[in-house]
Amino acid sequence: MSHLMRSSEAIIARMIRALVLCLGLALMPLTGAMAQEEGASAPSETAQTGFGGAETVVAETTPATPPTAKATPVQRGMRFVRLGGPAIWAISALSVVALAVILWKVWRLVLMGAWTGGRRTRAAVNLWCEGQEAPALTLLDGRRSCRARLIRTAMTARQDPTLDDAGAEAETERVARKLLAQARDGLRPLELIATIAPLLGLLGTVLGMIAAFQALQQAGARADPATLAGGIWEALLTTAAGMAVAIPASMALSWFESVVDRLRLEMEDAATRIFLRPVTSNDIPAQTQAAE
Numbered sequence: 004m005s006h007l008m009r010s011s012e013a014i015i016a017r018m019i020r021a022l023v024l025c026l027g028l029a030l031m032p033l034t035g036a037m038a039q040e041e042g043a044s045a046p047s048e049t050a051q052t053g054f055g056g057a058e059t060v061v062a063e064t065t066p067a068t069p070p071t072a073k074a075t076p077v078q079r080g081m082r083f084v085r086l087g088g089p090a091i092w093a094i095s096a097l098s099v100v101a102l103a104v105i106l107w108k109v110w111r112l113v114l115m116g117a118w119t120g121g122r123r124t125r126a127a128v129n130l131w132c133e134g135q136e137a138p139a140l141t142l143l144d145g146r147r148s149c150r151a152r153l154i155r156t157a158m159t160a161r162q163d164p165t166l167d168d169a170g171a172e173a174e175t176e177r178v179a180r181k182l183l184a185q186a187r188d189g190l191r192p193l194e195l196i197a198t199i200a201p202l203l204g205l206l207g208t209v210l211g212m213i214a215a216f217q218a219l220q221q222a223g224a225r226a227d228p229a230t231l232a233g234g235i236w237e238a239l240l241t242t243a244a245g246m247a248v249a250i251p252a253s254m255a256l257s258w259f260e261s262v263v264d265r266l267r268l269e270m271e272d273a274a275t276r277i278f279l280r281p282v283t284s285n286d287i288p289a290q291t292q293a294a295e
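Structure follows, in structure tokens:
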């Protein structure tokens, strides 16, 4: 059990580091752009003409920013959320949900024995193929992994005298479908998040660009291209945020699907080996009746 806990903690830690790395790489250019914008707000001087015709230099109406400490990552993140608008709030909520689903799914697969338990199951199947049915079942007692549960069900169904081969196969398939459905729990929400996060980002970008062009139209002849450029890059933040959420979600989804596919192949192979060998325990009563 302690080995299982250590392996699950290591897997969860690696997943968290991968998510943080993807989010950091995606948001690094955005935080740098916001930092440059903050540094560009220094006071400037303009030349104005006085009463005597001489030029006098006066400061702009924007007050000088007192020297303060650099903004913390949390403050930059909050400013990033404020600039993005409602779309960023929705994408942030999706990121929290995606992280929770990924951690829950890793823990669930660990409990199902997705990365452990294969050695004991293979040993039990080998004993069964050698004709040692009782030791094979004893080896699987108390095991809660999905492989062990399916193999124990297949062995028990094969030894049940009330079930023929077709009935034993049907019972094994029923349990296999149930276990695989449990292994695939949580994949549909991840797929949905990976699909709609970029769409939400694109929607936020379109709405932001509409607002920027509306402001440009209202400015008329006094329109400033810098204002339009600032509105566009602020609108593009939502697209970058949506991709930053969708990329780790897609990676996690592909990884989980590969784990489930590997489990399905291993369970199918073990069940096939069990059904290929005839059961000796069912032949003993028939031999006894024939002798009598």
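The sequence shown begins at 4 in my numbering and counts up by one. Virtual Cβ for every residue (Gly too), placed ideally from N, Cα, C. None of the values given here were measured: they were computed from a predicted structure.
Note the first and the last residue of the continuous alpha helix (DSSP H) segment covering residue i.
i, result
"T195", "Checking the sequence shown, residue 195 turns out to be Leu, not Thr. Unbroken alpha helix (DSSP H) run through L195: L190 to A222."
"L182", "D168 to A186"
"E133", "No alpha helix (DSSP H) contains E133, which DSSP labels as neither H nor E."
At the level of alpha carbons, what is the spacing between residue i and residue j?
i, j, result
"W131", "R147", "19 Å"
"T34", "T141", "Reliability of the predicted coordinates at T34 is poor, the pLDDT of 49 falling under 50, and the value obtained from them is presented with this limitation in mind. Roughly 59 Å separates the two Cα atoms."
"A273", "G121", "10 Å"
"T198", "S257", "13 Å"
"V104", "L97", "10 Å"
"T156", "M254", "34 Å"
"R123", "G204", "48 Å"
"S261", "L268", "11 Å"
"A200", "M246", "7 Å"
"A215", "L114", "51 Å"
"K181", "V282", "25 Å"
"G134", "D167", "19 Å"
Please classify residue i as buried or exposed, where buried requires at least 16 neighbouring CB atoms within 10 angstroms.
i, result
"V99", "exposed"
"I154", "buried"
"I91", "buried"
"L112", "buried"
"L279", "exposed"
"L266", "buried"
"G170", "exposed"
Once DSSP output is grouped into helix, strand and coil, what is the label at residue i?
i, result
"P89", "helix"
"A117", "coil"
"S148", "coil"
"G55", "Here the model assigns G55 a pLDDT of 38, short of 50, so the residue's position is not dependable, and the following value carries that caveat. G55: coil per DSSP, three-state reduction."
"L256", "helix"
"L102", "helix"
"V128", "helix"
"A242", "Residue 242 is actually Thr in this sequence, not Ala. The answer is helix: DSSP assigns T242 an H, G or I state."
"D163", "coil"
"L28", "Any reading at L28 needs caution, since the residue's pLDDT is 48, under 50, leaving its predicted position unreliable; the model's value is listed next. Looking at L28 - three-state DSSP - the assignment turns out to be helix."
"D272", "helix"
Quick one: measure Cβ to Cβ for residue i and residue j, integer angstroms, because I've assumed they're closer than 8 Å.
i, j, result
"V263", "A186", "5 Å"
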